[in-house]
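Worksheet for the structure shown next.
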Amino acid sequence: MPSSPPSVLDLAPVVPVVVIEDVADAVPLARALVGGGLPAIEVTLRTAAALGSIRAIAAEVPGAVVGAGTVITPDQVKETVAAGARFLVSPGWTDVLLGAMRASGVPFLPGVSTASEVVALLERGVREMKFFPAEAAGGTAYLRSLAGPLPQARFCPTGGIGPGNAAGYLALPNVGCVGGTWMLPADAIAARDWDRVESLARAAAGLRPQV
Numbered sequence: 159m160p161s162s163p164p165s166v167l168d169l170a171p172v173v174p175v176v177v178i179e180d181v182a183d184a185v186p187l188a189r190a191l192v193g194g195g196l197p198a199i200e201v202t203l204r205t206a207a208a209l210g211s212i213r214a215i216a217a218e219v220p221g222a223v224v225g226a227g228t229v230i231t232p233d234q235v236k237e238t239v240a241a242g243a244r245f246l247v248s249p250g251w252t253d254v255l256l257g258a259m260r261a262s263g264v265p266f267l268p269g270v271s272t273a274s275e276v277v278a279l280l281e282r283g284v285r286e287m288k289f290f291p292a293e294a295a296g297g298t299a300y301l302r303s304l305a306g307p308l309p310q311a312r313f314c315p316t317g318g319i320g321p322g323n324a325a326g327y328l329a330l331p332n333v334g335c336v337g338g339t340w341m342l343p344a345d346a347i348a349a350r351d352w353d354r355v356e357s358l359a360r361a362a363a364g365l366r367p368q369v
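This note's numbering puts the sequence shown at residues 159 to 369.
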């Protein structure tokens with residue numbers, strides 16, 4: 159029997175959530191993140207450059223585990239996996255989208271924000287999820303309250319998380335990693351200051367001590 163792919167939740171404490179406007183930035187940006195210790199990179203499907211960026215990172219940055227974020231249709235599942243995406247993240251889910259992600263053969267994190275959605279996914283055999291929008295949906299207090307009755311669910315909270323509150327999420331027993339953008343400040347991206355991005359990534363990678 160083939161082994162299962164490694165969990166996205168266990169690759170690093172932080173998954174950078176990347177919005178790329180220019181495909182030319184994809185490879186140096188990914189190299190900076192990987193160099194800083196953040197190999198799992200979620201490229202969101204919010205720009206025309208997203209698919210080409212996933213393709214470029216997959217081909218040219220061997221240390222990166224590039225994934226696709228904001229996946230909301232079966233067609234996007236097919237397109238991003240064909241481009242080289244090694245994991246999928248959605249802001250929410252339906253049975254149709256869940257079926258497509260499951261059929262893709264790559265790990266996926268469907269989005270949830272309520273206990274009922276978590277229970278519905280557990281019922282369908284899914285134990286790893288994105289908690290979104292994390293701060294608006296109740297933050298650490300809400301996730302802590304889910305850990306008792308639903309200990310089998312593990313989360314990557316995303317939305318409103320930064321260096322000031324990330325450690326609080328990472329301390330929770332049901333959180334494997336967090337998603338965020340704070341290591342990708344707009345001025346650094348505009349200036350193509352990849353050294354600064356790498357430095358911020360390194361600080362983020364050190365948020366959770368090695369066990």
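Just so it is clear, CB atoms sit at the ideal spot from N, CA and C, and this is done for glycine as well.
Practice prompt. Give the straight-line distance between the Cα atoms of Gly-227 and Ile-212, rounded to the nearest whole angstrom.
Written response: By 1-based counting over the sequence shown, the position of residue 227 is 69. By 1-based counting over the sequence shown, the position of residue 212 is 54. About 11 Å.
Discussion item. I need the DSSP call for Gly-326, collapsed to helix, strand or coil.
Written reply: Locating residue 326 in the sequence shown gives position 168, counting from the first residue. Helix at Gly-326.
Fill in: Burial state of Gln-234, where buried means 16 or more other Cβ atoms lie within 10 Å
Your numbering for residue 234 matches position 76 in the sequence shown. So Gln-234 ends up on the buried side.
Item to complete: Indicate whether at least one CB of chain C lies closer than 8 Å to the CB of Gly-334.
Response: Among the chains of the structure shown, chain C does not appear; only one protein chain is present.
Worksheet entry | Secondary structure of Leu-365, DSSP reduced to three states | On the sequence shown, position 207 is the one that residue 365 refers to. Here Leu-365 sits in coil by DSSP.
Fill in: Helix, strand or coil at Val-201 [DSSP, three-state]
For the purposes of this step, residue 201 is taken as residue 43 along the sequence shown, with counting starting at 1. Strand.
Item to complete: Give the C-beta separation of Pro-309 and Val-336 to the nearest angstrom, bearing in mind that I take them to be a contact with Cβ-Cβ under 8 Å.
Response: Taking the sequence shown and counting its residues from 1, one reaches residue 309 at position 151. Taking the sequence shown and counting its residues from 1, one reaches residue 336 at position 178. So it is not a contact: roughly 19 Å between Cβ atoms.
Discussion item. With the cut-off set at 8 Å, would you say Ala-198 and Glu-179 are in Cβ contact?
Written reply: The count along the sequence shown starts at 1 and reaches residue 198 at position 40. The count along the sequence shown starts at 1 and reaches residue 179 at position 21. Cβ distance not < 8 Å, so Ala-198 and Glu-179 don't count as in contact.
Discussion item. Only counting the same chain, and skipping five residues up and downstream in sequence, which positions put a Cβ closer than 7 Å to that of Leu-328?
Written reply: Taking the sequence shown and counting its residues from 1, one reaches residue 328 at position 170. Hits under 7 Å: Pro-171, Val-336, Leu-365 and Arg-366.
Worksheet entry | Thr-231 (DSSP reduced to helix, strand or coil) | One-based indexing of the sequence shown puts residue 231 at position 73. Three-state result, Thr-231: coil.
Discussion item. DSSP three-state label for Arg-302, please.
Written reply: Walking along the sequence shown from the start, residue 302 turns up at place 144. Looking at Arg-302 - three-state DSSP - the assignment turns out to be helix.
Worksheet item: In angstroms, rounded to a whole number, what distance separates the CA positions of Gly-353 and Ala-188?
Response: Start at 1 with the first residue of the sequence shown, and residue 353 comes out as number 195. Start at 1 with the first residue of the sequence shown, and residue 188 comes out as number 30. The question names Gly, yet the displayed sequence has Asp at residue 353. Using only the alpha carbons, I get a separation of about 12 Å.
Practice prompt. Kindly list the residues whose CB is nearer than 6 Å to the CB of Val-369, restricted to its own chain and excluding five residues on each side of it in sequence; keep chain order.
Written response: Counting from 1 along the sequence shown, the entry for residue 369 is found at position 211. Confidence at Val-369 is low in this model, with a pLDDT of 39, below 50, so the placement of that residue is unreliable and no value is reported for it.
Worksheet item: For Pro-291, which residues from the same chain have a beta carbon less than 6 Å from its beta carbon, with the 5 sequence-adjacent residues on both sides left out?
Response: Taking the sequence shown and counting its residues from 1, one reaches residue 291 at position 133. If we look at Pro-291 and ignore the five residues flanking it on each side, its Cβ neighbours are Gly-317.
Fill in: Residue from Ala-240, Thr-231, Val-192 and Asp-183 with nearest C-alpha to Ala-348
On the sequence shown, residue 348 is found 190 positions in, with the first residue counted as 1. Out of Ala-240, Thr-231, Val-192 and Asp-183, Asp-183 has the C-alpha closest to the C-alpha of Ala-348.
Worksheet item: Rounded to whole angstroms, how far is the Cβ of Val-247 from the Cβ of Gly-225, which I believe are closer than 8 Å?
Response: Along the sequence shown, read from residue 1 onward, the residue named residue 247 stands at position 89. Along the sequence shown, read from residue 1 onward, the residue named residue 225 stands at position 67. Going by Cβ atoms, the distance from Val-247 to Gly-225 rounds to 6 Å, so yes, they are a contact pair.
Worksheet item: Thinking just about the alpha-carbon of each residue, which of Phe-266, Gly-306 and Val-175 is nearest to the one in Val-355?
Response: In the sequence shown, residue 355 corresponds to position 197, counting from 1. The option with the nearest alpha carbon to Val-355 is Val-175.
Fill in: Range covered by the alpha helix (DSSP H) that runs through Ala-287
Here residue 287 refers to the residue found at position 129 when the sequence shown is read from its first residue. It is Met, not Ala, that sits at residue 287 in the sequence shown. Counting along the chain, Met-287 sits inside no alpha helix (DSSP H); it lies in the beta strand (DSSP E) bounded by residues 286 to 289.
Fill in: Closest residue to Pro-331 among Thr-252, Ala-299 and Thr-231 (Cα-Cα distance)
Translated into the one-based positions of the sequence shown, residue 331 becomes position 173. Of the candidates Thr-252, Ala-299 and Thr-231, the one whose C-alpha sits nearest the C-alpha of Pro-331 is Ala-299.
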